[in-house]
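Residue numbers (my numbering): 6 to 295.
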(Lines of atoms letter the chains of each structure in order from A; the text may use other names.)
(Lines give C-alpha, C1' and ligand atoms only; values in the text may rest on other atoms or scores of the structure.)
Protein backbone atom coordinates (compact mmCIF):
# COMPACT_ATOMS: atom_id res chain seq x y z
CA UNK A 6 0.00 0.00 0.00
CA UNK A 7 2.83 2.39 0.86
CA UNK A 8 4.45 1.63 -2.48
CA UNK A 9 1.17 2.34 -4.33
CA UNK A 10 0.75 5.61 -2.45
CA UNK A 11 4.30 6.66 -3.26
CA UNK A 12 3.75 5.85 -6.94
CA UNK A 13 0.52 7.85 -7.00
CA UNK A 14 2.18 10.84 -5.36
CA UNK A 15 5.06 10.66 -7.83
CA UNK A 16 2.60 10.55 -10.72
CA UNK A 17 0.71 13.53 -9.34
CA UNK A 18 3.96 15.45 -8.91
CA UNK A 19 4.93 14.77 -12.51
CA UNK A 20 1.53 15.86 -13.79
CA UNK A 21 1.72 19.09 -11.79
CA UNK A 22 5.17 19.72 -13.18
CA UNK A 23 3.97 19.24 -16.73
CA UNK A 24 1.01 21.51 -16.15
CA UNK A 25 3.31 24.21 -14.80
CA UNK A 26 5.46 24.15 -17.94
CA UNK A 27 4.31 26.68 -20.50
CA UNK A 28 4.42 25.47 -24.09
CA UNK A 29 6.58 27.63 -26.37
CA UNK A 30 4.35 30.10 -28.17
CA UNK A 31 7.00 30.92 -30.78
CA UNK A 32 9.95 28.92 -32.08
CA UNK A 33 12.57 31.63 -31.50
CA UNK A 34 13.21 35.25 -30.56
CA UNK A 35 16.35 36.86 -31.95
CA UNK A 36 17.63 40.33 -32.92
CA UNK A 37 18.71 41.63 -36.32
CA UNK A 38 20.20 44.90 -37.60
CA UNK A 39 22.36 45.04 -34.47
CA UNK A 40 25.50 46.14 -36.35
CA UNK A 41 24.43 49.53 -37.65
CA UNK A 42 24.32 51.87 -34.68
CA UNK A 43 26.08 50.12 -31.81
CA UNK A 44 28.18 52.78 -30.05
CA UNK A 45 30.65 50.06 -29.00
CA UNK A 46 31.14 48.96 -32.64
CA UNK A 47 31.48 45.30 -31.69
CA UNK A 48 32.81 42.77 -34.18
CA UNK A 49 31.03 39.50 -34.95
CA UNK A 50 32.79 37.49 -32.24
CA UNK A 51 32.08 40.15 -29.62
CA UNK A 52 28.46 40.23 -30.70
CA UNK A 53 28.19 36.45 -30.43
CA UNK A 54 29.62 36.43 -26.90
CA UNK A 55 27.27 39.25 -25.90
CA UNK A 56 24.19 37.50 -27.35
CA UNK A 57 25.08 34.28 -25.56
CA UNK A 58 25.51 36.09 -22.24
CA UNK A 59 22.20 37.90 -22.61
CA UNK A 60 20.30 34.71 -23.38
CA UNK A 61 19.61 35.05 -27.11
CA UNK A 62 19.99 31.92 -29.23
CA UNK A 63 21.10 33.55 -32.47
CA UNK A 64 20.89 36.56 -34.77
CA UNK A 65 19.90 37.76 -38.23
CA UNK A 66 22.51 38.95 -40.76
CA UNK A 67 22.15 41.84 -43.23
CA UNK A 68 23.42 41.39 -46.83
CA UNK A 69 25.87 38.76 -48.05
CA UNK A 70 28.97 40.73 -47.09
CA UNK A 71 31.02 38.86 -44.46
CA UNK A 72 28.46 36.07 -44.23
CA UNK A 73 31.16 33.38 -43.81
CA UNK A 74 32.68 35.33 -40.91
CA UNK A 75 29.28 35.70 -39.29
CA UNK A 76 28.58 31.97 -39.50
CA UNK A 77 32.00 31.13 -38.09
CA UNK A 78 31.51 33.44 -35.10
CA UNK A 79 28.06 32.00 -34.36
CA UNK A 80 29.26 28.42 -34.64
CA UNK A 81 32.06 29.16 -32.20
CA UNK A 82 29.56 30.49 -29.65
CA UNK A 83 26.98 27.74 -30.24
CA UNK A 84 24.45 30.18 -31.70
CA UNK A 85 22.19 30.02 -34.75
CA UNK A 86 22.02 32.10 -37.91
CA UNK A 87 18.29 32.64 -38.33
CA UNK A 88 17.99 34.96 -41.31
CA UNK A 89 19.97 36.67 -44.06
CA UNK A 90 18.56 39.80 -45.71
CA UNK A 91 19.26 40.25 -49.43
CA UNK A 92 18.01 42.54 -52.20
CA UNK A 93 16.26 41.72 -55.47
CA UNK A 94 16.02 44.19 -58.36
CA UNK A 95 13.23 43.84 -60.93
CA UNK A 96 14.35 46.81 -63.05
CA UNK A 97 14.96 45.90 -66.72
CA UNK A 98 18.61 45.30 -67.53
CA UNK A 99 19.67 45.01 -63.90
CA UNK A 100 21.15 41.99 -62.16
CA UNK A 101 18.25 40.46 -60.27
CA UNK A 102 20.28 39.37 -57.24
CA UNK A 103 23.83 39.05 -55.94
CA UNK A 104 25.70 36.37 -57.88
CA UNK A 105 27.52 35.34 -54.68
CA UNK A 106 24.31 33.81 -53.37
CA UNK A 107 24.87 30.59 -55.34
CA UNK A 108 28.37 30.19 -53.90
CA UNK A 109 27.17 30.87 -50.34
CA UNK A 110 24.32 28.37 -50.34
CA UNK A 111 26.59 25.48 -49.23
CA UNK A 112 27.49 27.57 -46.15
CA UNK A 113 23.87 27.51 -44.94
CA UNK A 114 23.05 23.93 -45.92
CA UNK A 115 20.85 22.22 -43.32
CA UNK A 116 20.87 25.30 -41.04
CA UNK A 117 17.19 26.14 -41.76
CA UNK A 118 18.12 29.70 -42.70
CA UNK A 119 15.51 32.12 -44.00
CA UNK A 120 16.55 34.57 -46.74
CA UNK A 121 14.58 37.81 -46.57
CA UNK A 122 13.92 39.32 -49.99
CA UNK A 123 13.73 43.11 -50.26
CA UNK A 124 12.36 43.54 -53.80
CA UNK A 125 12.71 46.84 -55.65
CA UNK A 126 13.05 48.23 -59.17
CA UNK A 127 9.44 49.24 -59.89
CA UNK A 128 6.78 51.50 -58.40
CA UNK A 129 5.59 50.34 -54.95
CA UNK A 130 2.84 47.69 -55.04
CA UNK A 131 2.55 47.76 -58.84
CA UNK A 132 1.11 44.38 -59.97
CA UNK A 133 2.76 44.91 -63.34
CA UNK A 134 5.93 43.57 -61.76
CA UNK A 135 4.37 40.30 -60.68
CA UNK A 136 5.34 38.26 -63.73
CA UNK A 137 9.03 39.17 -63.47
CA UNK A 138 8.99 38.79 -59.68
CA UNK A 139 7.47 35.30 -59.89
CA UNK A 140 10.22 34.25 -62.30
CA UNK A 141 13.02 35.58 -60.06
CA UNK A 142 11.60 34.26 -56.78
CA UNK A 143 11.00 30.81 -58.23
CA UNK A 144 14.61 30.80 -59.40
CA UNK A 145 15.75 31.74 -55.91
CA UNK A 146 13.52 29.09 -54.36
CA UNK A 147 15.05 26.43 -56.57
CA UNK A 148 18.51 27.69 -55.65
CA UNK A 149 17.71 27.47 -51.93
CA UNK A 150 16.01 24.06 -51.99
CA UNK A 151 19.13 21.83 -51.85
CA UNK A 152 20.35 23.82 -48.81
CA UNK A 153 17.02 23.44 -47.02
CA UNK A 154 16.65 27.24 -46.93
CA UNK A 155 13.53 29.38 -47.28
CA UNK A 156 12.91 32.54 -49.28
CA UNK A 157 10.66 35.02 -47.46
CA UNK A 158 9.00 38.03 -49.08
CA UNK A 159 9.79 41.05 -46.90
CA UNK A 160 7.53 44.13 -47.15
CA UNK A 161 9.60 47.31 -46.91
CA UNK A 162 8.52 50.96 -47.06
CA UNK A 163 9.02 52.61 -50.49
CA UNK A 164 10.14 49.40 -52.23
CA UNK A 165 8.17 47.54 -54.90
CA UNK A 166 7.29 44.87 -52.36
CA UNK A 167 5.94 47.37 -49.86
CA UNK A 168 2.90 45.85 -48.16
CA UNK A 169 2.12 42.49 -46.57
CA UNK A 170 -0.75 42.21 -49.06
CA UNK A 171 1.80 42.41 -51.90
CA UNK A 172 3.78 39.59 -50.30
CA UNK A 173 0.74 37.33 -49.98
CA UNK A 174 -0.29 38.00 -53.58
CA UNK A 175 3.19 37.16 -54.85
CA UNK A 176 3.65 34.09 -52.62
CA UNK A 177 0.39 32.67 -53.94
CA UNK A 178 1.59 33.10 -57.53
CA UNK A 179 5.11 31.77 -56.85
CA UNK A 180 3.62 28.62 -55.30
CA UNK A 181 6.81 27.08 -53.90
CA UNK A 182 6.85 25.22 -50.55
CA UNK A 183 10.00 27.05 -49.45
CA UNK A 184 8.63 30.54 -50.22
CA UNK A 185 6.70 32.41 -47.58
CA UNK A 186 6.12 35.91 -46.23
CA UNK A 187 7.29 37.95 -43.25
CA UNK A 188 5.24 40.53 -41.35
CA UNK A 189 7.28 43.56 -40.28
CA UNK A 190 5.72 45.77 -37.64
CA UNK A 191 7.68 48.96 -38.27
CA UNK A 192 7.08 48.97 -42.04
CA UNK A 193 3.42 48.09 -41.62
CA UNK A 194 2.96 51.00 -39.18
CA UNK A 195 4.57 53.35 -41.70
CA UNK A 196 2.61 52.20 -44.74
CA UNK A 197 -0.79 51.20 -43.37
CA UNK A 198 -3.54 53.80 -42.99
CA UNK A 199 -5.39 51.82 -40.35
CA UNK A 200 -4.25 49.61 -37.49
CA UNK A 201 -6.16 46.45 -38.34
CA UNK A 202 -3.29 43.98 -38.29
CA UNK A 203 -5.52 41.02 -37.40
CA UNK A 204 -7.25 41.04 -40.79
CA UNK A 205 -3.92 41.13 -42.61
CA UNK A 206 -2.34 38.44 -40.45
CA UNK A 207 -5.32 36.14 -41.04
CA UNK A 208 -4.88 36.52 -44.78
CA UNK A 209 -1.13 35.96 -44.50
CA UNK A 210 -1.29 32.87 -42.24
CA UNK A 211 -1.02 30.25 -45.01
CA UNK A 212 2.33 31.80 -45.98
CA UNK A 213 3.50 33.45 -42.75
CA UNK A 214 6.94 32.10 -41.81
CA UNK A 215 8.43 34.98 -39.78
CA UNK A 216 7.48 38.16 -37.94
CA UNK A 217 9.51 41.15 -36.77
CA UNK A 218 8.56 43.33 -33.81
CA UNK A 219 9.94 46.21 -31.75
CA UNK A 220 8.73 48.95 -29.48
CA UNK A 221 6.81 51.62 -31.40
CA UNK A 222 4.37 54.48 -31.15
CA UNK A 223 0.86 54.01 -32.53
CA UNK A 224 1.31 56.90 -34.97
CA UNK A 225 4.22 59.03 -36.15
CA UNK A 226 3.95 61.57 -38.95
CA UNK A 227 7.63 62.52 -38.78
CA UNK A 228 10.28 61.13 -41.13
CA UNK A 229 12.76 58.60 -39.85
CA UNK A 230 12.33 55.61 -37.57
CA UNK A 231 12.92 57.03 -34.09
CA UNK A 232 9.28 56.49 -33.03
CA UNK A 233 8.49 53.41 -35.12
CA UNK A 234 11.60 51.47 -34.02
CA UNK A 235 12.29 51.54 -30.29
CA UNK A 236 13.47 48.94 -27.78
CA UNK A 237 10.70 46.45 -27.11
CA UNK A 238 8.41 47.59 -24.31
CA UNK A 239 8.59 51.26 -25.19
CA UNK A 240 6.08 53.29 -27.21
CA UNK A 241 2.31 53.53 -27.25
CA UNK A 242 1.71 50.61 -29.63
CA UNK A 243 0.73 47.43 -27.74
CA UNK A 244 3.20 44.89 -29.13
CA UNK A 245 2.16 42.30 -26.54
CA UNK A 246 -1.36 42.39 -27.95
CA UNK A 247 0.04 41.80 -31.45
CA UNK A 248 1.88 38.73 -30.15
CA UNK A 249 -1.33 37.50 -28.51
CA UNK A 250 -3.12 37.88 -31.84
CA UNK A 251 -0.43 35.89 -33.63
CA UNK A 252 -0.60 33.16 -31.01
CA UNK A 253 -4.40 32.99 -31.24
CA UNK A 254 -4.17 32.64 -35.03
CA UNK A 255 -1.88 29.65 -34.59
CA UNK A 256 1.42 31.26 -35.55
CA UNK A 257 4.33 29.39 -33.93
CA UNK A 258 7.27 30.53 -36.04
CA UNK A 259 10.27 32.74 -35.27
CA UNK A 260 10.02 36.35 -34.10
CA UNK A 261 12.79 38.79 -34.99
CA UNK A 262 13.62 41.91 -33.01
CA UNK A 263 14.13 44.92 -35.31
CA UNK A 264 17.00 47.06 -33.99
CA UNK A 265 17.74 49.37 -36.92
CA UNK A 266 18.40 52.98 -35.91
CA UNK A 267 18.47 52.38 -32.15
CA UNK A 268 21.55 54.22 -30.92
CA UNK A 269 23.73 53.71 -27.87
CA UNK A 270 25.20 50.48 -26.50
CA UNK A 271 23.37 47.64 -28.26
CA UNK A 272 23.81 45.42 -25.21
CA UNK A 273 21.68 47.74 -23.11
CA UNK A 274 18.69 47.86 -25.44
CA UNK A 275 18.94 44.14 -26.26
CA UNK A 276 18.75 43.36 -22.56
CA UNK A 277 15.80 45.72 -22.16
CA UNK A 278 13.99 44.16 -25.11
CA UNK A 279 14.52 40.61 -23.86
CA UNK A 280 12.96 41.51 -20.52
CA UNK A 281 9.99 43.08 -22.33
CA UNK A 282 9.64 39.94 -24.48
CA UNK A 283 9.43 37.74 -21.40
CA UNK A 284 6.90 40.12 -19.87
CA UNK A 285 4.74 39.81 -22.99
CA UNK A 286 4.83 36.02 -22.86
CA UNK A 287 3.90 36.05 -19.18
CA UNK A 288 0.97 38.42 -19.70
CA UNK A 289 -2.44 36.70 -19.54
CA UNK A 290 -4.48 36.78 -22.76
CA UNK A 291 -6.65 39.86 -23.16
CA UNK A 292 -9.83 37.83 -22.76
CA UNK A 293 -8.83 36.75 -19.26
CA UNK A 294 -7.64 40.15 -18.05
CA UNK A 295 -9.90 42.17 -15.74
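We put the CB at the ideal spot given by N, CA and C, even for glycine.
Owing to the predicted nature of the structure, the values given are computational and were not obtained by experimental measurement.
How would you call residue 284, buried or exposed, if buried means at least 16 neighbouring beta carbons within 10 angstroms? exposed
Quick one: any contact between the region 83-90 and the region 47-66, if contact means 3 or more CB pairs under 8 Å? yes
Below 6 Å CB to CB, which residues in the same chain sit around residue 296 once its five sequence neighbours on both sides are set aside? Outside the modelled stretch of the chain, which goes from 6 to 295, sits residue 296, for which no answer is possible.
Whole runs of the beta strand (DSSP E) within the region 193-222, excluding any shorter than 3 residues: 213-218
Going along the chain, which residues of its own chain have a beta-carbon closer than 8 Å to the beta-carbon of residue 255, five neighbours each way excluded? 210
Taking residue 45 and residue 270 to be in contact with their CB atoms under 8 Å, please state how far apart those CB atoms are, rounded to whole angstroms. 6 Å
Run of the alpha helix (DSSP H) containing residue 52, from where it starts to where it stops: 49-59
For residue 280, collect the residues of the same chain with a Cβ closer than 6 Å to its Cβ; drop the 5 residues on either side in sequence, then sort them by chain order. none
Whole angstroms is fine: what's the gap from residue 96's alpha carbon to residue 130's? 14 Å
Could you tell me the boundaries of the beta strand (DSSP E) in which residue 92 lies? 85-94
For residue 167, count neighbouring C-beta atoms within 10 Å of its own C-beta (all shown protein chains included) and say buried if the count is 16 or more, exposed if not. buried
Bounding residues of the beta strand (DSSP E) (the contiguous stretch that carries residue 235): Careful: residue 235 lies outside any beta strand (DSSP E) and carries neither H nor E.
Closer than 8 Å is the cut-off here; do at least three beta carbon pairs connect the region 175-182 with the region 100-119? no
So, are the CB atoms of residue 138 and residue 175 less than 8 Å apart? yes
Quick check on residue 230: buried or exposed, where buried means 16 or more other Cβ atoms within 10 Å of its Cβ? buried
Using a threshold of 8 Å, state whether the C-beta atoms of residue 112 and residue 157 are closer than that. no
Excluding the 5 residues preceding and the 5 following residue 134 in the sequence, name in chain order all residues of the same chain whose CB lies nearer than 6 Å to its CB. 95, 127 and 165
Please report the straight-line C-alpha distance between residue 325 and residue 196, rounded to a whole angstrom. Since the first and last residues shown for the chain are 6 and 295, residue 325 lies out of range.
Hey, how far is the Cα of residue 65 from the Cα of residue 93? 18 Å
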